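Participant: Can you keep this structure in mind? I'll have questions shortly.
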Amino acid sequence: MRRDWMTGDWVIISPLRSQRPLPRMAKLSESQNPKEDCPFCPGHEDLTPPEVWSNRDSGEPNTPGWKVRSFPNMYPALSGGGCDGSKGDCIQTIMRGCGVHEVIVDCPEHNLQPATMSEEQLELVLLSYRERYLENSKRDRISYVQIFRNHGREAGRSIVHPHSQLVGTPIIPTAVMEEIRLARRFFEETGDCLFDRALEREVDEGIRVVIDSENMAVVCPFASRSPYEMYLLQKLHSSAYESSSRETIHELAIVLKEVLVLLFELLEDPPYNIFIHSAPCDGGDYSCFRWHIHIIPRLMGQGGFEMGTGMCINPVPPERAAQMLRKKRST
Numbered sequence: 351m352r353r354d355w356m357t358g359d360w361v362i363i364s365p366l367r368s369q370r371p372l373p374r375m376a377k378l379s380e381s382q383n384p385k386e387d388c389p390f391c392p393g394h395e396d397l398t399p400p401e402v403w404s405n406r407d408s409g410e411p412n413t414p415g416w417k418v419r420s421f422p423n424m425y426p427a428l429s430g431g432g433c434d435g436s437k438g439d440c441i442q443t444i445m446r447g448c449g450v451h452e453v454i455v456d457c458p459e460h461n462l463q464p465a466t467m468s469e470e471q472l473e474l475v476l477l478s479y480r481e482r483y484l485e486n487s488k489r490d491r492i493s494y495v496q497i498f499r500n501h502g503r504e505a506g507r508s509i510v511h512p513h514s515q516l517v518g519t520p521i522i523p524t525a526v527m528e529e530i531r532l533a534r535r536f537f538e539e540t541g542d543c544l545f546d547r548a549l550e551r552e553v554d555e556g557i558r559v560v561i562d563s564e565n566m567a568v569v570c571p572f573a574s575r576s577p578y579e580m581y582l583l584q585k586l587h588s589s590a591y592e593s594s595s596r597e598t599i600h601e602l603a604i605v606l607k608e609v610l611v612l613l614f615e616l617l618e619d620p621p622y623n624i625f626i627h628s629a630p631c632d633g634g635d636y637s638c639f640r641w642h643i644h645i646i647p648r649l650m651g652q653g654g655f656e657m658g659t660g661m662c663i664n665p666v667p668p669e670r671a672a673q674m675l676r677k678k679r680s681t
């Protein structure tokens, strides 16, 4: 059993579980051909809500010519309106579902994904994240902005055309607050940065490192919750993704592209979720925190033990996963 330094989660690393007889899971079929009614393809801008932001060489808003495009989600989890705080008591607490939910279309091409698009296009996507973070973090009553990407139906994707999503919430999610709490407690007890020390140890040991660049590193976490889970960690001390420089975004595009190509080739285009954890935007002091990216391949479902305990059982030790990824990188 291992405990994750960032999240505090306990995980069971059990290689014996990989020897269980399991039925071969067929990949959910998805059409890879552009459809006439795909709302995200160029020329179909009238099938989406009016765009709120775009990176384009030519054309007026809501017309072709864009490289990355963002608009409100047609089926928002949260939407505009006043937030009047929580009501009720400790047994039943409610809050108005106010917030923001945007779609970010990653590129005009219907069949691309981060592993197959150019580094230049991926950099534009990551820059669009920064712009949408900046804009939405200024909204009244928005305390946290979450950007994420679902790849594959098993990971929650409903439309094939490559896209990401942004959700701004009036509260700070528990998972993020726990990461902040652990980082803050470490600083109060040691006067040091938890992210610095953890990354320093990972790089020194090397056995879970997949990529180590000038200002970033990708590691399979010591207590990986699932096979081939990865943290993309930055060496610069920056708590908010939206404060990242153009140079940082450029390096991030190179590193993220490479690691997603490794997943694509080693695991034959697996479903995965990517999400950025950045500092909340409620005006608090989060200097002990550092933004980072979680990459979680969706190779296994959850059973009764996982749902009953909140603990994951991972049959692939992170040391083995990192070794396989490094081997693929060297070929």
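For the record, in the sequence shown the residue sitting at position 160 is 510 according to our numbering, with numbers rising by one throughout.
Ideal placement from N, C-alpha and C gives every residue a C-beta, glycine not left out.
Computed from a prediction, not measured in an experiment: that's the story for all the values here.
Measuring straight from C-alpha to C-alpha, what distance separates M375 and K585?
Facilitator: Reliability of the predicted coordinates at M375 is poor, the pLDDT of 46 falling under 50, and no value is obtained from them.
Participant: Among residues of its own chain, excluding the 5 on either side of P400, which ones have a beta-carbon nearer than 6 Å to its beta-carbon?
Facilitator: The answer, listed in chain order, is N412.
Participant: Just mark P520 as buried or exposed, buried being the case when its beta carbon has 16 or more other beta carbons within 10 Å.
Facilitator: buried
Participant: Is it the case that the Cβ atoms of I444 and G438 are separated by a distance below 8 Å?
Facilitator: The answer is yes: Cβ separation under 8 Å.
Participant: To the nearest angstrom, how far is it from the Cα of R676 to the Cα of R482?
Facilitator: Roughly 33 Å between the two C-alpha positions.
Participant: Just reading off the beta strand (DSSP E) that I624 is part of, what are its end residues?
Facilitator: 622-627
Participant: Measuring alpha carbon to alpha carbon, tell me which residue in C433, I363, P630 is nearest F639.
Facilitator: P630
Participant: Comparing C-alpha positions only, which one of C433, C391, A505 sits nearest to S420?
Facilitator: Cα-wise, what sits closest to S420 is C391.
Participant: Run through the segment 547-626 for me and flag every whole beta strand (DSSP E) of 3 or more residues, listed as ranges in chain order.
Facilitator: Every beta strand (DSSP E) stretch that sits fully inside the segment 547-626 and reaches 3 residues is listed by chain position as 559-562, 566-569, 580-584.
Participant: Assess, as a yes-or-no matter, whether the segment 643-653 is touched by the segment 547-562 under the definition of 3 or more beta carbon pairs within less than 8 Å.
Facilitator: no
Participant: Check whether the Cβ atoms of V731 and H587 lie closer than 8 Å to each other.
Facilitator: What the structure shows of the chain is the stretch from 351 to 681, and residue 731 is not part of that stretch, so it cannot be assessed.
Participant: Under DSSP, the alpha helix (DSSP H) around V475 begins and ends at which residues?
Facilitator: V475 -> alpha helix (DSSP H) spans 469-487.
Participant: Here's the rule I'm using: 16 or more other beta-carbon atoms within 10 Å means buried, otherwise exposed. How should K607 be labelled?
Facilitator: buried
Participant: State yes or no: is the C-beta of H394 within less than 8 Å of the C-beta of H460?
Facilitator: no
Participant: May I have the straight-line CA-CA distance separating M351 from W360, to the nearest angstrom?
Facilitator: 7 Å
Participant: When you compare each of E618, R489, R575, V455 to L476 by their alpha carbons, which one comes out closest?
Facilitator: V455
Participant: I need the boundaries of the beta strand (DSSP E) containing Q463, first residue and last residue.
Facilitator: Per DSSP, Q463 is not a residue of any beta strand (DSSP E), being assigned neither H nor E.
Participant: What distance in whole Å lies between the Cβ atoms of E669 and R558, which are believed to be in contact at a cut-off of 8 Å?
Facilitator: 6 Å
Participant: Could you have a look at P668 and say whether DSSP puts it in helix, strand or coil?
Facilitator: helix
Participant: Going by beta-carbon coordinates alone, are Y474 and P464 separated by less than 8 Å?
Facilitator: Reading off the sequence, residue 474 comes out as Leu, not Tyr. No, the Cβ-Cβ distance between L474 and P464 is not below 8 Å.
Participant: Beta strand (DSSP E) containing V495: first to last residue?
Facilitator: Start and end: 494-501.
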